[in-house]
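Structure first, commentary second.
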Amino acid sequence: MARTDHSFPAGSGSPAAAPAALRGRGAVTNVRHRFQKDDREQVDDGWSTSGLPADFVDAVPNTSVIPILPDVRRAPAAPKTTVTAEEARKILSRNDSPDIPFDVAVNPYRGCEHGCVYCYARPTHSYLGYSPGLDFETRLVAKANAVEALRAEISRPGYKPSPINIGSATDAYQPIERDWRLTRGMLELMLETRHPVTIVTKNALVARDLDLLAALAEHKLVVVYMSITTLDADMARTLEPRAAAPWRRLEAVRNLTSAGVPVGVLVAPVIPFINDDAMEHILQESKAAGAHYASYTVIRLPWEVKTLFEDWLNAHYPDRAQRVLHRIEDLRNGRRNDPNFGSRMRGTGIWADLLRQRFAVATRKLSLNRHRLALDCDRFQPPAPAGGSAALFSPAAAGAPAFPSPAGAKASSGVPFASALPVAGAYGRGARQLRAMVAGQLSLFD
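Numbering follows the UniProt record's numbering, in which position 16 of the sequence shown is assigned residue number 16; successive positions increment by one, without gaps.
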């Protein structure tokens, strides 16, 4: 079981203990996850790591030939992003939530480098033994066989297609997608099988796949939602530091709609006294860029996100932190989080009613949500088996890696893969893989 690295502050939600923000990261703490039984914290005992008194270390000039190791009292270096490869047994997740507009989702990655401090998906990292704080945005997992696993699941007898949402608990177009290209691979499969798909993202990288999205749109098989929280670039850098800049998201909306791809905008989340005054402006600019649809949600603070968000407020907006939290409690029946269907997305009370009215007036004025797009599930064609006897013994296939790994990728053990080596070798070839090959879902070489 992984333990949270508390070289970074563990987070307390206390204004007096609020740590400083880290450049390029959303969370300011590595909060303890809810399954964690023990902690590790770095403590200054008055001695440097070299065993010399701390005051002596401070007095030694930088030009000294005395070998002085780093002082534990100094701030730790900013955490770097690492990516670990895993083989997913199942890739589709299902839900029956009445307030979510899809019942099937796929997530090619675990964690998200965008680092949105308010992200409701942060607590999912607890199941990996990682912190929902800095770990969520720095210790990422790529499901290297995502496309093959998706092909296998939609190939099963009796499978009934319904729109698959890509990126419900991660952003499928986060920066590591540039190298891994798992999302693009899944879109290629969706086009091959004429399977309907929806996408929610904060990254302009979605425009990279314009060729596939335009082809899917011709058959009424796709809708893309761009999430825009603010148009203020400075605020965006603190709220969602590694997501695309607001103007780039609007540019992506413009490029997608120009190619005939239906696009909606999500003003999500709305945070009282932080970005709530920007709703109408975001909708106006999104409409000008070509958006057809719009929706919004208010901030949700499940599990560890409550502490993470409070620490973020104390670091960035200490003058209004308590005011923001009290208004969130007004929205949530006196609590920081309300998990109940029907109220968790938009809240209750006077402030929630005012938001609904503002949104209704703005969308009516801008002619957004004039019609509802129904994706076509009747065109679905089950995919052809991946590989086969021809692929198994093809000379061209003999040297091809099973899952090519980008430079810097790591196996589950944490050992880096050599460049261009197949990551499949890290998992071993057991009976499960043999059955997959016999079923035609996986070949030895592709």
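Heads up, the beta-carbon is just placed ideally off N, CA and C, and yes, glycines get one too.
Residue from Arg-178, Phe-359, Ala-233 whose Cα sits closest to the Cα of Tyr-293: Considering only Arg-178, Phe-359, Ala-233, the residue with the shortest C-alpha distance to Tyr-293 is Phe-359.
Coarse secondary structure for Leu-266, derived from DSSP in three states: Three-state DSSP puts Leu-266 in a strand.
C-alpha distance - Ala-20 paired with Thr-29, whole-angstrom precision: In a straight line, the C-alpha of Ala-20 is about 9 Å away from that of Thr-29.
Three-pair Cβ contact test at 8 Å for the region 171-184 versus the region 106-115: A contact exists between the region 171-184 and the region 106-115.
Secondary structure of Lys-287, DSSP reduced to three states: Helix at Lys-287.
Exposed unless 16 or more other CB atoms sit within 10 angstroms - verdict on Leu-266: Buried, by the Cβ-count rule.
Where Val-305 falls: helix, strand or coil (DSSP): For Val-305, the secondary structure class from DSSP, reduced to helix, strand or coil, is helix.
Contact between the region 326-336 and the region 359-371 (3+ Cβ pairs under 8 Å): By the Cβ criterion, the region 326-336 is not in contact with the region 359-371, since fewer than three pairs of Cβ atoms, one from each stretch, lie closer than 8 Å.
Euclidean distance between Cα positions of Pro-119 and Cys-112: Here residue 119 turns out to be Cys, not Pro, going by the sequence shown. In a straight line, the C-alpha of Cys-119 is about 9 Å away from that of Cys-112.
CB of Ala-228 within 8 Å of CB of Arg-249, strictly: What sits at residue 228 in the sequence shown is Ile, not Ala. Taking 8 Å as the Cβ cut-off, Ile-228 and Arg-249 qualify as a contacting pair.
Local conformation of Arg-379 per DSSP, three classes: It is coil, neither helix nor strand.
Own chain, CB closer than 7 Å to Asn-337, minus 5 neighbours either side, in chain order: Arg-300, Leu-301, Pro-302, Lys-306, listed in sequence order.
N- and C-terminal bounds of the beta strand (DSSP E) containing Leu-140: Leu-140 -> beta strand (DSSP E) spans 139-143.
Lys-143 vs Ala-214 beta-carbon contact at 8 Å: Taking 8 Å as the Cβ cut-off, Lys-143 and Ala-214 do not qualify as a contacting pair.
Segment limits, alpha helix (DSSP H) that includes Ser-126: From DSSP, Ser-126 is part of no alpha helix (DSSP H); its letter is neither H nor E.
Arg-242 vs Gly-115 beta-carbon contact at 8 Å: Yes, they are a contact pair.
Closest by C-alpha distance to Asp-135, when choosing among Arg-110, Arg-184, Leu-355: Cα-wise, what sits closest to Asp-135 is Arg-110.
Per-residue DSSP class, three states only, for Thr-170: Under the three-state reduction of DSSP output, Thr-170 falls in the coil class, being neither helix nor strand.
Simplified DSSP state of Ser-258, which is helix, strand or coil: Taken through DSSP and simplified to helix, strand or coil, Ser-258 comes out as helix.
Met-235, enclosing alpha helix (DSSP H) - first and last residue: Per DSSP, Met-235 is one residue of the alpha helix (DSSP H) stretching across 233-239.
Nearest residue (CA-CA) to Ala-384, options Asn-255, Arg-156, Thr-257: Looking at Asn-255, Arg-156, Thr-257, the one whose alpha-carbon comes closest to that of Ala-384 is Arg-156.
The alpha helix (DSSP H) enclosing Val-324, as first and last residue numbers: First-last of the alpha helix (DSSP H) with Val-324: 321-331.
Proximity of Arg-320 and Glu-137 at Cβ, strictly below 8 Å: No, Cβ-Cβ distance for Arg-320 and Glu-137 is not below 8 Å.
Bridge-paired residues (DSSP) for Arg-165: Note that residue 165 is Asn in the sequence shown here, rather than Arg. According to DSSP, which records beta bridges pairwise, Asn-165 is partnered with Ala-105, Thr-198.
Inter-residue spacing [alpha-carbon to alpha-carbon] between Leu-375 and Ala-217: Their backbone Cα atoms lie some 9 Å apart in a straight line.
Length of the line joining the Cα atoms of Val-222 and Ile-164: C-alpha separation (whole angstroms): 10 Å.
Proximity of Met-186 and Ile-166 at Cβ, strictly below 8 Å: Their beta carbons are under 8 Å apart, which means Met-186 touches Ile-166 by this criterion.
Closest by C-alpha distance to Lys-220, when choosing among Lys-202, Leu-373, Lys-160: Shortest Cα-Cα distance from Lys-220 to any of Lys-202, Leu-373, Lys-160 involves Leu-373.
Cβ separation of Ala-27 and Val-83, assumed to be a contact under 8 Å, to the nearest whole Å: The Cβ separation is near 18 Å, so there is no contact.
Rounded distance between the beta-carbons of Thr-230 and His-316, thought under 8 Å: In fact, because the Cβ distance is near 13 Å, the residues do not count as touching under 8 Å.
Strand pairing of Thr-193, partner residues [DSSP]: Looking at the DSSP assignment, Thr-193 forms no beta bridge with any residue, so it has no partner.
Proximal residues to Val-206 (C-beta, below 8 Å), its chain only, five neighbours per side dropped: Excluding residues within five positions, the ones whose Cβ falls inside 8 Å are Tyr-173, Ile-199, Leu-213, Val-224, Met-226, Ala-252, Leu-256.
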